[in-house]
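A.B. asks: Using our numbering, the first residue of the sequence shown is number 1035, and each one after it goes up by one.
Positions of the beta carbon are idealized from the N, C-alpha and C atoms, including for glycine.
Since the model is a prediction, treat every value here as computed from it, not as a measurement.
Okay, here's the structure, questions in a sec.
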Amino acid sequence: MSERSFMEARVRWNVFAPCILLAAILAVYANSFSGAFVRDDLNSIVQNPYLGALWPPSEATRGLPLTAFNTRPLPAFSLRLSYLLSGREPWGYHVVNVLIHALAALTLYGLLRGLLSAPALQGRFEKHAEPLALSVALLWALHPVQTNCVTYITQRIEAFYSLFLLLVLYAFLRSTASKRASLWKGMAVLACVLGMLSKEAMVGAPLLLLAFDRLFVSGSFTQALRRNALLYACMFLTWSLLLSNLGRNDLKEHLRIENEGKSFTAWNWFLSSCDVLIHYLRLAFWPSKMQFRYTWPIAQGLGDVWWQFLCLLALGLSTVWGVWKGHAWSYPGVLFFVVLAPSSSFMPLTQVASDHRMYLPLLAPLCLIVLAGYRALARIRNEAAASRAIRFAGFAVLAWIAVLGTLTLKRNEDYRTHYRLWASALEAEPRNHQALIHAGIHELKRGRRERAAECFRRAVEADPSSSHARYRLGRFLADEGRYEEAVAQFRRVRSGTGHHAGFHVEFGQVLLAIGAVAEAEDHFSRAKELDPGESAAYVCQGLQYGQEGRLEDAEREFRRALDLDPWRYDALVALGSLLGRRGKYQEAQAPLRLAVQLEPEDPEPIRLLMLAQGHLLAREALLHTKHGWELCGKGQPDAGLRELHAALSKAPDFAEARHYLAVVRRKLEEDVAGGGEGAELLQALASAYAVEGKFEEAGGVAKLALALAQAAGERERAAELDARLKAYAGGRAFPDAEPPAP
């Protein structure tokens, strides 16, 4: 091929290769746009109140505490951009994930294309640099292992920092052959800063760049540091961003971790990681039985992973030797070990194995197999035979790419729903207790309680030491009212889950149900120590105090719960009920009315509210009755009868008021029968009949009183009696009384 034809071919590759790469990624991940929010997405996105904030920067880059986006400002900001696209609909977040992945793949293609044509590799790959770079980029971008970072929204963090790490290497490579070297080096430093703001694993970027420089550009570490002293000073200075974050954490927590209540040391983590790294390498070439969440066995000693340890030791030593001797083939090993070191060395995390950690390291084995295969075929002495072999290998790589793309399409379907994701994990590993637990939760939501119980029991059988499985089974048994069995499960929950305040609240409730009051109080107190803002703990402790008759203490706990959460329904009902028990009927009405507004269909707060109102009315009726009886005894029967009427208006069935009313009426009847026929006496007797609801008798007596008042010239009394006659005709005891209810 002539030099001109060669250059024209390179131009065509540079135009079409990115288009092919983008089209392939879009085709393979198009079905991911309909994926749902799963697991950590719910906390990070659905329940995140900060997504709408784009300004100020402190709010725009704020991650929700206790989520993967906390202290990772750039990925947190990317959630805001996704929110602008689709609100809290998943498709906008999937679009951004695929975009990040596509940018990373394009950067990788540009890096490999430039590297394979670089002077350090001159004469080895230059002839087919573009198709080789495209092949590796396609294999990497379409591999099903990558679905955990692309289709699982929360894991965009891994893709984010990987993009910036690739940009660091790409910008540095461009600086070696550019007249604007300082500009490209500045871009490398900027990419490193952005990566440090994306994930802590970016800590290896300066080391990877130094190894890259030594192997492909400068020829030695000494020469690399001399020629680019300012660049490396700036690169290593970016570690300060990570140190500032680590300074806010307790480093002791990194030396020992409790995973689902199972305690293990950093040494156990390292040994277990040996097995995991071999698993990652297997997935690179045989991506089967992938799981959303692995339940990896913890290695207890070197004997459990001896052959994996020896394999990795051989790979590690050969990588170090290759770097020392300046062999370019050692760089994929450097990339693999340095990127995975933070999560697979002595720094325990919450999961021993997770596919997303293989996002960028996947590049290492793919590069080695493609480039080593090409070099082996290119060395065939017969040029025609070598050309045919390379062409055949190209078709084999295309077939490999097609298979990987098909597997990725299938894997994306697992992310359609939360349940399908865990169901696929169960297909890969039927004894995956995490998958069984989530299958049980799904069955509960669908109302299939027997199936849920079976899933929880199978989870406990699969891993008897799993605190999460026992916790879920205990909760289910408690809901079924099988408290003794629930307590047996809760007692076997280890400290990892036991450190959660919610667990102590639930355990205390079950203990309270079986009468273990003292132990329940200990758990409620522990919950408040772990999380002073856990309002449920105060409610439960208040209920416990109520059972013991410590009503003042109970009221204090309910009020603390409402201070933390003024809209907490069970606290409102409990406080209202307690205030009623203490005779504070007026105070009881406010929390009960709010409870009725929150849950208008629940009859319990309505019943309690009516009871409090009834007690309050009875109390007021008693006051009116006593006052009325006193007035009647002082010779003011008409005024006294008004008070008795007020009492019966408040509580129509109030027996004490009716008793005193009957006594007053009989006394008035005796006075009239004894010859007392004055208008005032008859007026009082008419009022007594009217208060008793005997309006016909009241009218007859009032007419006699009216005649006497008119004969005596008592105009005011006559006017009053006339008004009362009209009231009696309308069914009212007094002219100013409310009309009777229809």
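Give the straight-line distance between the Cα atoms of R1261 and V1251, rounded to the nearest whole angstrom.
C.D. replies: 10 Å
A.B. asks: What residue range is occupied by the uninterrupted alpha helix (DSSP H) comprising N1302?
C.D. replies: 1300-1319
A.B. asks: Which same chain residues end up closer than 8 Å to L1438 when comparing Cβ atoms and leaving out the 5 residues on each side of it in sequence?
C.D. replies: Non-local beta-carbon contacts of L1438 in its own chain, meaning distances under 8 Å to residues more than five positions away in sequence, involve L1173, L1176, H1177, P1178, P1321 in chain order.
A.B. asks: How long is the line joining the alpha carbons of E1754 and W1663, rounded to whole angstroms?
C.D. replies: 23 Å
A.B. asks: Less than 8 Å between the beta carbons of A1571 and F1592, yes or no?
C.D. replies: no
A.B. asks: Can you round the beta-carbon distance between P1124 and A1070 to whole angstroms, since I take them to be within the 8 Å contact cut?
C.D. replies: Correct: roughly 6 Å between the Cβ atoms.
A.B. asks: My guess is that T1329 and N1466 are in contact by the Cβ rule of under 8 Å, so how many angstroms apart are they, rounded?
C.D. replies: 5 Å
A.B. asks: What separation, rounded to the nearest whole angstrom, lies between the Cα atoms of P1109 and F1103?
C.D. replies: 7 Å
A.B. asks: Measuring straight from C-alpha to C-alpha, what distance separates E1635 and A1547?
C.D. replies: 26 Å
A.B. asks: What residue does the alpha helix (DSSP H) around M1269 start on, and which one ends it?
C.D. replies: 1263-1271
A.B. asks: Exposed or buried, T1442, counting other C-beta atoms within 10 Å across all chains shown (16 or more means buried)?
C.D. replies: Flag for T1442 reads buried.
A.B. asks: Given L1632, which residues of its chain have a CB within under 8 Å of its CB, disregarding the five upstream and five downstream residues?
C.D. replies: W1601, Y1603, L1606
A.B. asks: Please say whether V1527 and Y1505 have beta carbons closer to each other than 8 Å?
C.D. replies: Closer than 8 Å, so yes.
A.B. asks: Alpha carbons only, please: which of P1331, Q1342, T1299 is nearest the one belonging to I1312?
C.D. replies: Of the listed residues, the one whose Cα sits closest to I1312 is Q1342.
A.B. asks: What's the C-alpha gap between E1234 and R1316?
C.D. replies: Rounded to the nearest angstrom, the two C-alpha atoms are 26 Å apart.
A.B. asks: Work out the CA separation of C1183 and K1219 for me, nearest whole Å.
C.D. replies: 28 Å
A.B. asks: So for R1766, helix, strand or coil by DSSP?
C.D. replies: coil
A.B. asks: Sorted by chain position, which residues of the same chain lie with C-beta nearer than 6 Å to A1720's C-beta, five sequence neighbours on each side aside?
C.D. replies: A1732, V1735, A1736
A.B. asks: Just to confirm before moving on: does the CB-CB distance between V1373 and L1394 stay below 8 Å?
C.D. replies: Cβ atoms of V1373 and L1394: closer than 8 Å.
A.B. asks: Measure the CB-CB distance between V1202 and A1171 and report whether it falls below 8 Å.
C.D. replies: no
A.B. asks: DSSP three-state label for S1499, please.
C.D. replies: coil
A.B. asks: Nearest to V1339 by alpha carbon, out of W1301, R1758, A1707?
C.D. replies: W1301
A.B. asks: Check whether the Cβ atoms of L1137 and L1055 sit closer than 8 Å, and answer yes or no.
C.D. replies: no
A.B. asks: Consult DSSP for N1048 and reduce its assignment to one of helix, strand or coil.
C.D. replies: N1048 carries a helical assignment under DSSP once its states are collapsed to helix, strand and coil.
A.B. asks: What would DSSP say about I1414, mapped onto helix, strand or coil?
C.D. replies: coil
A.B. asks: Measure the alpha-carbon distance for L1150 versus T1105 and round it to whole angstroms.
C.D. replies: Spanning the two alpha carbons is a distance of roughly 37 Å.
A.B. asks: What is the DSSP secondary structure of E1287, reduced to helix, strand or coil?
C.D. replies: A caution first: E1287 carries a pLDDT of 39, below 50, which makes its placement in the model unreliable, though a value can still be read off. When DSSP states are grouped into helix, strand and coil, E1287 belongs to the helix group.
A.B. asks: Assuming I1003 contacts R1122 (C-beta within less than 8 Å), just tell me the rounded distance between them.
C.D. replies: Since the first residue shown for the chain is 1035 and the last is 1776, residue 1003 is missing from the structure and cannot be characterised.
A.B. asks: Applying the criterion that 16 or more other CB atoms from any shown protein chain within 10 Å of the CB defines a buried residue, is G1549 buried or exposed?
C.D. replies: exposed
A.B. asks: Tell me where the alpha helix (DSSP H) around E1553 begins and ends.
C.D. replies: 1551-1564
A.B. asks: Kindly indicate which three-state DSSP category I1332 falls into: helix, strand or coil?
C.D. replies: coil
A.B. asks: Just the C-alpha distance for Q1156 and G1238, rounded to the nearest angstrom, thanks.
C.D. replies: 28 Å
A.B. asks: For a minimum of 4 consecutive residues, which ranges assigned as the alpha helix (DSSP H) are wholly contained in the region 1350-1404?
C.D. replies: 1365-1378
A.B. asks: Terminal residues of the continuous alpha helix (DSSP H) containing L1242?
C.D. replies: 1239-1247
A.B. asks: Determine the direct distance from the alpha carbon of G1610 to that of W1273, and round the result to whole angstroms.
C.D. replies: Across the structure, W1273 and G1610 are spaced so that their CA atoms are roughly 56 Å apart.
A.B. asks: From D1556, S1216, V1494, M1236, pick the residue whose C-alpha is nearest to that of A1193; which is it?
C.D. replies: M1236
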